[in-house]
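See structure below.
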DNA sequence: GCGGATCAC
DNA sequence: TATGGTGATCCGC
């Protein structure tokens with residue numbers, strides 16, 4: 004079946020082309036144009052082929068899921084039902100209907116802007132701007148903490164505003180029509196901000212007041228009235244209409260704003276039944292977070308509406324990941340966040356570009372550099388440094404690949420980013436050699452940003468590094484790979500005019516008949532200069548080599564070593580290491596263990612609902628007991644549920660402020676995953692779990708104090724701040740040393756020559772096991788042990804050992 | 001951590 | 001209609 008669909012689509016494309024070919028007048032077209040048409044068609048089909056491929060992958064996922072479903076027994080399903088329904092009770096109890104959340108959505112934002120700007124109105128400057136502008140000017144009045152979502156959406160929590168508003172006099176709720184616009188012919192006033200500032204009416208001019216009042220509206224105090232007012236003001240100000248949803252939580256508000264689009268609003272009353280009524284026939288696709296693929300998968304299970312999502316909750320819990328089915332459950336119950344999250348810190352920054360096929364390494368490298376430059380600029384604007392660089396490539400068949408590498412010290416400059424990205428790119432180029440890498444998109448991303456504390460700490464360490472490292476300086480070496488080596492320095496030959504500019508120029512040249520002289524020269528210049536920078540680069544690299552090898556500072560004792568024999572250096576460091584590890588004496592004070600700040604919210608319990616649920620559960624429990632015999636899981640989980648009720652606000656728990664960096668880093672690594680993990684498991688196994696976490700995360704931690712290096716992120720076997728600090732300094736030297744070791748062939752490096760010379764390959768294995776692994780899918784992998792820890796084949800204190 | 005995928009805007 | 005760009009998250013490894 005799939006085959007047929009596939010080929011018939013291709014036939015469609017071919018058929019169209021064939022028809023075109025036979026069309027009258029076709030003979031007039033020259034070869035080039037025909038080629039172009041074919042190219043277009045091929046491009047289209049490439050895209051389409053890929054779409055088909057992706058679709059088939061989804062189909063396979065569905066098939067797998069269906070097979071899984073077939074194997075589910077009635078008992079399993081009943082048991083699942085029991086468990087899920089207990090959770091439903093929990094969720095019901097925590098249902099919070101006390102907030103009033105508004106979602107504002109500009110109607111057909113861009114189209115509207117276009118329409119409004121295009122006609123004769125264009126010369127009138129109107130500050131449309133983004134939602135964040137309406138922020139500032141209108142929305143803050145209703146919620147100072149409102150959150151804009153992109154350019155045309157925003158969430159507001161108007162709960163407090165509603166309370167205050169109750170006491171407001173009428174004039175404070177009065178707004179005026181922008182009469183000029185409608186009366187003036189041929190356009191509207193250049194000042195759409197008319198009456199924007201709630202100016203009180205002037206009592207000494209009664210007639211003016213009368214007229215004004217005639218052109219005004221007074222809004223009431225209800226949520227609906229507030230939202231009408233907001234929409235009115237937005238329209239007066241921007242000439243654009245907006246739709247809005249009012250509901251007890253963000254998810255509902257968002258879905259609600261969709262209901263009466265365009266230029267309408269809708270409210271879900273803060274009552275459980277109103278929520279469920281709204282959801283009853285709502286297609287799941289309308290739910291934010293459920294996209295094309297999820298929709299298709301659920302459809303395969305016969306689930307199209309939210310109520311069906313609820314009906315199938317037990318099945319879903321068996322077929323989907325914990326995170327997924329719990330999300331489904333939240334959706335089907337109409338639960339969502341009742342407060343607006345502050346924008347968290349950004350997690351990554353990237354830039355990517357699509358272009359016509361680029362297939363020469365040279366072009367690819369210089370494009371890569373350009374992307375790195377752009378990205379570096381943006382990063383520096385926000386003062387960010389990250390540890391992971393990801394290269395994204397889309398080949399001409401629309402297949403997307405990402406390749407990432409995490410480095411020891413964070414990067415932010417063009418050079419630093421490019422140094423990593425070019426390696427990744429090199430690998431990809433090599434992997435298809437001798438064929439060219441044919442790409443239509445390239446992107447570079449930096450993630451793994453340093454936290455504020457880490458930044459501070461690193462700075463401190465850098466200072467000491469500078470003091471001790473002096474001559475070794477920051478010179479970077481690049482373990483060269485044939486085609487990469489050539490491009491470590493940019494083709495600065497063309498300081499102005501981006502890669503694309505040059506490409507454009509070249510393309511223009513191609514299409515023009517006689518290559519005119521100046522353009523020709525330009526091209527020639529490019530070619531020549533690229534050859535030139537290869538040479539230049541070699542020089543720089545050589546220089547670096549000679550410089551670095553002459554003076555080397557031992558990362559342990561910080562003494563300068565005169566030798567440039569790496570083996571000798573290695574021996575020295577070994578000695579230093581065996582000496583330094585023993586002499587840690589200073590203790591750092593223990594921290595108190597209060598790490599949870601509990602936010603309270605009062606659960607609203609509708610007793611009849613709970614009873615209803617409980618009845619059902621009881622029935623099921625009976626059925627289950629008779630069906631399953633020797634399964635301890637059921638009974639133990641029942642206990643779990645009874646235990647967790649007392650400590651509900653689990654999701655809202657946040658780490659408290661941490662006084663020291665070490666603790667902070669530890670928290671990040673070990674506690675965060677716990678917060679993510681599921682309520683019941685987590686609570687029930689609290690102590691046990693914590694122990695396990697620490698055993699896998701901190702090998703050899705004595706007592707509570709554990710230091711984790713903010714640079715390499717690995718835990719340190721010391722309680723001494725002095726030696727910990729020293730390690731951090733060493734870490735900063737590490738990159739340099741690593742490259743030194745790469746230059747010479749160290750024995751540990753030679754196993755697996757294929758990929759070990761990539762930065763990512765080298766850094767692997769030194770990180771501590773992520774304790775979150777396996778906690779997400781409860782039951783599947785219960786205990787991840789220490790086994791994943793850095794395995795090393797060599798127990799000697801070589802440089803490599805030390806760093807691993 | 002990595003890589004592929006999904007999703008939103 | 002098809003296509004981009006940016007950022008987040010999840011899942012399996």
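In the working numbering, the protein residues as written are 4 to 807.
Note that the Cβ used here is the ideal one computed from N, Cα and C, for glycine as well.
Because the structure is a prediction, the values reported are computed rather than measured.
With at least 16 other beta carbons inside 10 angstroms of its own, residue 382 counts as buried. In the three-state reduction of the DSSP assignment, residue 292 falls in the coil class, being assigned neither a helical nor a strand state. In this structure residue 225 does not touch residue 177 by the C-beta definition: roughly 16 Å separates them, more than the 8 Å allowed. Assignment of residue 145 by DSSP, reduced to helix, strand and coil, places it in the coil class. In terms of Cβ geometry, residue 229 and residue 161 form a close pair [threshold 7 Å].
Counting along the chain, the unbroken beta strand (DSSP E) around residue 108 starts and ends at 104 to 109.
If the five residues before and after residue 53 are omitted, its C-beta is found closer than 8 Å to the C-beta atoms of 400, 401 and 402, all from its own chain and listed in chain order.
For residue 269, the pairing in a beta bridge is given by DSSP as 248. Counting C-beta pairs with one atom in each stretch, the stretch 71 to 86 and the stretch 316 to 326 have three or more that are closer than 8 Å, which means they touch.
Using a Cβ distance threshold of 7 Å, residue 287 and residue 278 do not count as a contacting pair.
Residue state for residue 436 is assigned as coil, using DSSP reduced to three classes. With respect to residue 247, residue 107 sits close: the two C-beta atoms are nearer than 7 Å. The three-state secondary structure of residue 274, taken from DSSP, is coil. Secondary structure of residue 406 (DSSP, three-state): strand.
The alpha carbon of residue 266 has as its nearest neighbour, out of 252, 273, 294 and 237, the alpha carbon of 237. Here residue 238 carries a helix assignment [DSSP, helix/strand/coil]. Between residue 409 and residue 391, the C-beta gap is smaller than 7 Å, which places the two residues in contact. Distances from the alpha-carbon of residue 340 to those of 257, 231, 434 and 154 put 257 closest. Approximately 15 Å separates the beta-carbon atoms of residue 386 and residue 451; this is outside 8 Å, ruling out the contact. Checking the DSSP bridge columns, you'll see residue 353 partnered with 448. Exclusion of the five residues before and after residue 274 leaves 100 as the residues of its chain whose Cβ lies within less than 8 Å of its Cβ. If you draw a 10 Å sphere on the C-beta of residue 74, you find fewer than 16 other C-beta atoms in it, and that means exposed.
In the three-state DSSP reduction, residue 156 falls in the strand class (E or B). Taking the Cβ atoms as the reference, residue 338 lies roughly 15 Å from residue 310, outside the contact range of under 8 Å. Counting along the chain, residue 391 sits inside the beta strand (DSSP E) bounded by residues 389 to 398.
Here residue 221 is bridged, per DSSP, to 177. In the structure shown, the three-state DSSP call for residue 307 is coil. Here residue 243 is near residue 109, since their CB atoms are less than 7 Å apart.
Of the other Cβ atoms in all chains shown, 16 or more fall within 10 Å of the Cβ of residue 88; this residue is therefore buried. For residue 150, the pairing in a beta bridge is given by DSSP as 158. Residue environment: residue 217 is assigned as exposed (fewer than 16 neighbouring CB atoms within 10 Å of its CB, all protein chains considered). Non-local beta-carbon contacts of residue 146 in its own chain, meaning distances under 7 Å to residues more than five positions away in sequence, involve 159, 160, 161 and 164 in chain order. When the Cα atoms are used, residue 307 and residue 301 turn out to be separated by approximately 7 Å. Rounded to the nearest whole angstrom, the C-alpha separation of residue 90 and residue 335 is 13 Å. Short of 7 Å from the beta carbon of residue 294, and not among the five residues preceding or following it, lies no beta carbon of its own chain.
Residue 331 has its alpha-carbon roughly 38 Å from the corresponding atom of residue 442.
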